[in-house]
Amino acid sequence: MKYPELLRFEDVLPRLDQFDTIIDVRSPSEFALDHLPGAINCPVLDDEQRIKVGTMYKQVNAFEAKKVGAALVARNIARHIEDRFLDKPRDWKPLVYCWRGGNRSGSMAHILAKIGWPVVQLDGGYKAYRNYVNGALEQAPALSFRVICGTTGSGKSRLLEVLHADGAQVLDLEQLAAHRGSVLGNLPSQPQPTQKAFETMVWDRLRKFDPSRPVFVESESKKVGQLRVPAALMDTMRAAACISLQLSRANRVRLLMEDYAHFTQDPATLNAQLDCLVSLHGHEKIKRWHELANSGQMEVLVEELLAEHYDPAYLRSIDRNFVQFDKAQVVELDDITPDAFLAAARHLQATA
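97 is the number that our numbering gives to position 13 of the sequence shown; each next residue is one higher, with no gaps.
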């Protein structure tokens with residue numbers, strides 16, 4: 085075999101999890117928007133250098149730009165080899181890609197191959213990968229979903245976490261989106277990924293599931309925070325078998341007080357989010373909720389939000405959006421302890 089081996093993504097895909105390292109040589113800003121699952125960033129031109137060389141192409145000429153670019157690329161590749169790859173054995177198998185599979189990845193792949201490593205270069209680069217993912221997400225996944233439904237605070241996310249830890253197949257869209265899926269769902273310490281990065285994570289999870297086993301997922305809306313759930317996946321979920329998770333309102337308040345502790349410690353941030361509900365509940369109601377937050381009456385506030393906002397919204401939407409909800413398997417939690425969730429998770433796996 086002659087290396088570097090140039091392969092299309094369709095040919096790389098069956099081997100994708102077998103590469104020792106997936107190397108994205110694009111600039112850091114390109115990498116941050118999205119990248120192949122598990123890739124590391126080893127830019128052959130950083131953002132500033134890419135602008136410099138690109139400007140020379142336009143304002144001087146291609147020859148002068150290539151000379152400057154080649155010197156930068158050579159130095160950067162040398163640094164990556166010294167910093168990250170000197171300890172790799174002869175049989176280390178890397179996959180290298182850039183935006184279109186051209187000069188940037190070609191330079192890195194050529195040098196790694198000359199050293200003696202069996203390197204593969206992705207033909208068409210990230211662009212070809214992205215086209216593949218777009219096409220895959222347009223198809224309904226051939227999976228058997230079990231959709232966990234339940235009012236806000238009933239423990240759907242906790243149940244998914246326990247199911248995953250107990251060996252079940254779980255698609256946790258809120259975890260992938262870094263958002264809890266409601267007006268108060270943003271995670272202050274973790275920004276949401278880009279739409280493309282979210283779709284990459286969804287595609288990567290879906291491709292690894294065993295079609296012979298059920299996949300547990302939460303009854304999400306079409307958007308999780310600012311991110312859109314792929315339409316074909318959403319349609320498949322909404323047609324799937326449902327599980328109705330039930331928990332008393334008192335326990336739901338307890339659970340939400342735990343999960344949203346960051347809001348109880350920062351009433352100003354909570355009130356800013358509550359302002360988004362003015363159009364639904366009016367200024368007087370929002371003013372009352374502000375006062376409850378400012379005076380530390382968080383349990384009262386949570387109780388009222390459940391009774392007057394979240395529960396009515398849930399009841400209006402669940403039957404309309406999840407067509408098998410009227411036949412849902414009912415699972416009642418009598419507490420929010422780890423043992424209660426583990427018992428529910430094992431019951432669901434035994435009856436799936």
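Quick reminder that beta carbons are idealized off the backbone N, C-alpha and C, glycines included.
Identified DSSP bridge partners for residue i
| i | result |
| --- | --- |
| Asp131 | Note: Asp131 sits in no beta bridge, so no partner. |
| Leu255 | Val301 |
| Lys292 | Lys292 pairs with nothing; no bridge assigned. |
| Asn125 | Asp108 |
| Ala308 | Here the sequence assigns Val to residue 308, which means Ala is not the residue at that position. Paired residue(s): Leu311. |
Proximity winner among the options, relative to residue i (alpha-carbon distances)
| i | options | result |
| --- | --- | --- |
| Tyr87 | Pro202, Gly208, Thr320 and Asp343 | Pro202 |
| Arg291 | Asp101, Arg92 and Val180 | Asp101 |
| Gln64 | Val96, Leu417, Ala158 and Arg289 | Here the chain comprises residues numbered 85 to 436, so residue 64 is not present and cannot be evaluated. |
| Pro173 | Ile420, Phe93, Ala377 and Ile199 | Ile199 |
| Val231 | Pro396, Gln223 and Ser241 | Ser241 |
| Ile327 | Cys360, Leu417 and Lys371 | Leu417 |
| Lys136 | Ser111, His119, Cys126 and Asp118 | Ser111 |
| Ala434 | Lys211, Asp250, Gln259 and His263 | Asp250 |
| Val96 | Ile165, Leu390, Tyr210 and Leu170 | Tyr210 |
| Ser305 | Pro295, Thr320 and Ser296 | Thr320 |
| Trp183 | Leu432, His119 and Ala154 | His119 |
| Ser189 | Lys151, Gly237, Ala158 and Val308 | Ala158 |
| Leu129 | Leu179, Asp167 and Asn187 | Asn187 |
| Pro98 | His393, Asp175 and Leu179 | Leu179 |
| Gly380 | Arg312, Met85, Thr348 and Val144 | Thr348 |
| Ala436 | Leu426, Phe300, Asp395 and His263 | Phe300 |
| Asp423 | Ile161, Ala261, His164 and Leu247 | Leu247 |
| Tyr344 | Leu385, Ser113, Thr139 and Leu317 | Leu385 |
| Gly366 | Glu392, Asp350 and Pro351 | Glu392 |
| Gln223 | His164, Ala316 and Ser332 | Ala316 |
| Met318 | Asn145, Arg168 and Glu302 | Glu302 |
| Ser296 | Leu354, Pro225, Ala352 and Pro351 | Pro225 |
| Asp419 | Lys151, Leu364, Ala334 and Arg264 | Ala334 |
| Cys126 | Thr353, Phe409 and Phe169 | Phe169 |
| Phe425 | Gln133, Phe409 and Leu339 | Leu339 |
| Ile160 | Ser191, Ser363 and Phe147 | First, the residue type needs correcting, since residue 160 is Asn and not Ile in the sequence shown. Residue Ser191 is the option with its Cα nearest to Asn160. |
Continuous alpha helix (DSSP H) stretch holding residue i: start and end
| i | result |
| --- | --- |
| Ile161 | Ala146 to His164 |
| Gln471 | In the structure as shown, the chain starts at 85 and stops at 436, and residue 471 therefore has no counterpart that could be examined. |
| Val415 | Not the alpha helix (DSSP H): Val415 falls in the beta strand (DSSP E), residues Gln413 to Glu416. |
| Glu387 | Met382 to Leu389 |
| Pro396 | Asp395 to Asn405 |
| Ala315 | Ala315 to Arg322 |
Cβ shell of residue i (< 6 Å), same chain only, five flanking positions each side left out
| i | result |
| --- | --- |
| Pro277 | none |
| Ala123 | Ile106 and Asp108 |
| Ala324 | Phe229 and Val231 |
| Lys177 | Phe103, Asp104 and Pro202 |
| Gly460 | The chain is shown only over 85 to 436; residue 460 falls outside these bounds and no answer can be derived. |
| Ala281 | Asp118 |
| Asp256 | Leu244 |
| Tyr141 | Ala149 |
| Thr236 | Tyr394 |
| Thr353 | none |
| Leu90 | Gln205 and Asp207 |
Closer than 8 Å to chain D by CB, residue i
| i | result |
| --- | --- |
| Thr435 | Judged by its chain identifiers, the structure shown contains no chain D, having just a single protein chain. |
Own chain, CB closer than 7 Å to residue i, minus 5 neighbours either side, in chain order
| i | result |
| --- | --- |
| Ala197 | Tyr87, Pro88 and Val203 |
| Glu283 | Val217, Leu221 and Pro314 |
| Arg322 | Asn405, Phe406 and Val407 |
| Phe93 | Leu206, Gly208, Ala212, Tyr213 and Tyr216 |
| Arg430 | Asp250 |
Segment limits, beta strand (DSSP E) that includes residue i
| i | result |
| --- | --- |
| Phe229 | Phe229 to Cys233 |
| Thr105 | Thr105 to Asp108 |
| Pro112 | Looking at the DSSP string, Pro112 is not in any beta strand (DSSP E); the run it does join, the alpha helix (DSSP H), is Pro112 to Leu117. |
| Val180 | Pro178 to Tyr181 |
| Leu91 | Glu89 to Leu91 |
Residues near residue i by beta carbon distance below 8 Å, same chain, minus five either side
| i | result |
| --- | --- |
| Gln330 | Gly234, Ser238, Val414, Val415, Glu416 and Leu417 |
| Trp287 | Val217, Ala220 and Leu221 |
| Glu383 | Val337 and Met341 |
| Ala261 | Gln276, Pro277, Phe282, Val308, Gly309 and Leu311 |
| Ala428 | Leu243, Val246, Leu329, Val415 and Leu417 |
| Leu376 | Met382, Val384, Leu385 and Glu388 |
message = Runs of 3 residues minimum, wholly inside the segment 325–370: which ones carry the beta strand (DSSP E) assignment?
response = 325–330
Secondary structure, alpha helix (DSSP H): runs of 4+ residues fully inside the segment 184–241 = 187–199 and 209–221
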